[in-house]
Amino acid sequence: MNHFCPGSSSLRRDITLEIKTCPQCGNDVELFSIDVKARCDKCGFVVYNNLQSCIQWCRYAKECVGEEVYARYMKEMGLSPDGASAAS
Numbered sequence: 010m011n012h013f014c015p016g017s018s019s020l021r022r023d024i025t026l027e028i029k030t031c032p033q034c035g036n037d038v039e040l041f042s043i044d045v046k047a048r049c050d051k052c053g054f055v056v057y058n059n060l061q062s063c064i065q066w067c068r069y070a071k072e073c074v075g076e077e078v079y080a081r082y083m084k085e086m087g088l089s090p091d092g093a094s095a096a097s
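Start counting at 1 in the sequence shown, then tack on 9, and there's your number in this note's numbering.
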């Protein structure tokens with residue numbers, strides 16, 4: 010059986026760009042849909058994506074979104090590949 014969960018297509022291939030307003034200085038910050046966060050070029054404030062992802066808890070996440078997206082997401086979230094906090 011070869012199927013994917015409905016939410017994974019946006020993480021795998023439909024990369025979009027969103028312009029967010031920096032809450033610190035009002036500057037425009039470019040944030041791609043596959044990014045967890047982006048730093049404001051003007052003041053350095055970190056703006057986070059509104060991503061609530063199954064990647065953190067789904068046991069098939071690595072297979073579903075691919076190893077590259079999975080690894081990048083886990084690194085950006087400060088998590089180890091097994092889902093535990095990298096800081097602990």
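Built from N, CA and C at the ideal position, the CB exists for glycine as well.
| query | When the distance is taken between beta carbons, is V45 closer than 8 Å to Y82? | reply | For the purposes of this step, residue 82 is taken as the residue at position 73 of the sequence shown. For the purposes of this step, residue 45 is taken as the residue at position 36 of the sequence shown. Contact: yes.
| field | Buried/exposed call for V78, threshold 16 Cβ in 10 Å | value | Taking the sequence shown and counting its residues from 1, the one referred to as residue 78 is at position 69. Label assigned to V78: buried.
| said: Short of 6 Å in beta carbon distance, which residues of its chain neighbour S64, apart from the five on each side in sequence? Order them along the chain. | reply: Start at 1 with the first residue of the sequence shown, and residue 64 comes out as number 55. Residue identity differs from the one stated: residue 64 is Ile in this sequence, not Ser. Cβ within range, chain order: A70, Y82.
| Alpha-carbon spacing of K84 relative to C67, whole angstroms | In the sequence shown, counting from the first residue as 1, residue 84 sits at position 75. In the sequence shown, counting from the first residue as 1, residue 67 sits at position 58. Rounded to whole angstroms, K84 to C67 spans 16 Å at the Cα level.
| Buried or exposed by the 16-neighbour rule on C-beta atoms within 10 Å, applied to I28 | As a first step, residue 28 must be located in the sequence shown, where it is residue number 19. Answer is exposed; the Cβ neighbour count stays below 16.
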